[in-house]
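Asks: I have a structure here, written as structure tokens, and I will follow up with some questions on it.
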Amino acid sequence: MLLKSQISGGGLSSTEIEKMLPICSWLHWDIYNNEVVNLSIGAPDLLENCCKIFKKATEHRLKIEKENNCRPLFQRSPSGTYEARSTVANYFGKMYKSIAIFVDGITYMIDLDVISQFHGLKIISVPLNSDGIDLKQLEDFLKSNHFKSKNKEFWGVYYTTPTFHNLTGILFSDNVCQILIKFARKYDFLITCDDVYNVLHYQDEKPPIRLFVYDHCNDEDSKEHVISNASFPKIIGPGIRLGWIALSYRMKAVLDNR
1 MLLKSQISGG GLSSTEIEKM LPICSWLHWD IYNNEVVNLS IGAPDLLENC
51 CKIFKKATEH RLKIEKENNC RPLFQRSPSG TYEARSTVAN YFGKMYKSIA
101 IFVDGITYMI DLDVISQFHG LKIISVPLNS DGIDLKQLED FLKSNHFKSK
151 NKEFWGVYYT TPTFHNLTGI LFSDNVCQIL IKFARKYDFL ITCDDVYNVL
201 HYQDEKPPIR LFVYDHCNDE DSKEHVISNA SFPKIIGPGI RLGWIALSYR
251 MKAVLDNR
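Residues 1 to 258, numbered by the UniProt record's numbering, are exactly what the sequence shown covers, in order.
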């Protein structure tokens, strides 16, 4: 949390604020103090001015859902809407039956729970090192599980968070990222990245490069194997269900036909 008067009045420089951030976790703050912007919760005070926007957007969406007798706006209930989860799981389960899903040895539990609902998928856990995925172990798994698919775009998928990994905080090194792209091209599997933490960077140097950028379409051996999923909740608020996907023309064509 930071004092509003210090921010608006110029009491602290940006450099001083950055130095202060690491110790904020153990300082005691009065969360009822109106002069404090509370950033320790999902909906900080600075979102107060967005209430009218949220209200208008919600009313607009609810009107559509009432007219179409659907309720996707409420899909993020404690365990998600059963109808939606079941439909998605069955759909992709049939489409990618027997497909291999590679995940990090330590990964986001909710995403792992969602993946496990896709019937017939083979989940393979790959260990992590301090600089990212264990490349030797990953290649061993790729070799032992690889097969040529006749009706699927990819025979396997690797799900990861290469930048400020959740739950470890690991940042995949430049070397690991480059070799991951080489593996994806060699074994022809898809890499889908959870890129929601990239902007949470407080150092002086430039923010880390997304894995998506390493898969450059102008490379001679490029076949475009990376999807980057991103959203605003980590930087604005969890109530804003807004995100985007950065993907190649190859994958866009696949998704457009589904």
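For glycine and all other residues, C-beta sits at the position ideal for the given N, C-alpha and C.
With H, G and I counted as helix, E and B as strand and the rest as coil, what does DSSP make of Lys122?
Replies: Correct three-state label for Lys122: strand.
Asks: Given Arg250, which residues of its chain have a CB within under 6 Å of its CB, disregarding the five upstream and five downstream residues?
Replies: Counting only Cβ-Cβ distances below 6 Å, and skipping sequence neighbours, we find Glu224.
Asks: Determine the closest residue to Ile245 out of Phe232, Leu121 and Ile179, with distance taken between C-alpha atoms.
Replies: For Ile245, the nearest C-alpha among the options comes from Phe232.
Asks: Mark Tyr214 as exposed unless 16 or more other C-beta atoms lie within 10 angstroms of its C-beta, in which case mark it buried.
Replies: Tyr214 should be labelled buried.
Asks: Just how far apart, CA to CA, sit Tyr202 and Lys52?
Replies: Cα-Cα distance, rounded: 31 Å.
Asks: State the beta-bridge partners of Trp244 as determined by DSSP.
Replies: Paired residue(s): Ala230.
Asks: Rounded to whole angstroms, what's the CA-CA distance from Thr168 to Tyr158? Just pull it up for me.
Replies: Cα to Cα, the separation comes out at about 17 Å.
Asks: Exposed or buried, which one is Leu121 when buried takes at least 16 other CB atoms within 10 Å?
Replies: Leu121 comes out buried.
Asks: How many angstroms separate the CA atom of His216 from the CA atom of His60?
Replies: Near 39 Å, if we compare the C-alpha coordinates of His60 and His216.
Asks: Where does Ile191 fall in DSSP's three states?
Replies: Strand.
Asks: Alpha helix (DSSP H) containing Tyr108: first to last residue?
Replies: No alpha helix (DSSP H) contains Tyr108, which DSSP labels as neither H nor E.
Asks: The alpha helix (DSSP H) spanning Thr160 covers which residue range?
Replies: Unbroken run through Thr160 is the beta strand (DSSP E), Gly156 to Thr160; no alpha helix (DSSP H).
Asks: Determine the DSSP secondary structure at Val103, reduced to helix, strand or coil.
Replies: Three-state DSSP puts Val103 in a strand.
Asks: Whole angstroms is fine: what's the gap from Lys186's alpha carbon to Gly132's?
Replies: Going by the C-alpha atoms only, they are around 19 Å apart.
Asks: From the DSSP output, read off the bridge partner residues of Leu128.
Replies: Answer is Ile133.
Asks: Please report the residue range of the alpha helix (DSSP H) in which Arg210 lies.
Replies: Unbroken run through Arg210: none, as it is neither H nor E.
Asks: Give the DSSP-derived three-state secondary structure of Asn175 in the structure shown.
Replies: Residue state, collapsed to three classes: helix.
Asks: Leaving aside the five residues before and after Leu135 along the sequence, list all residues of the same chain whose C-beta is less than 8 Å from its C-beta, in chain order.
Replies: Excluding positions up to five away in sequence, the list reads Val176, Ile179, Leu180 and Phe183.
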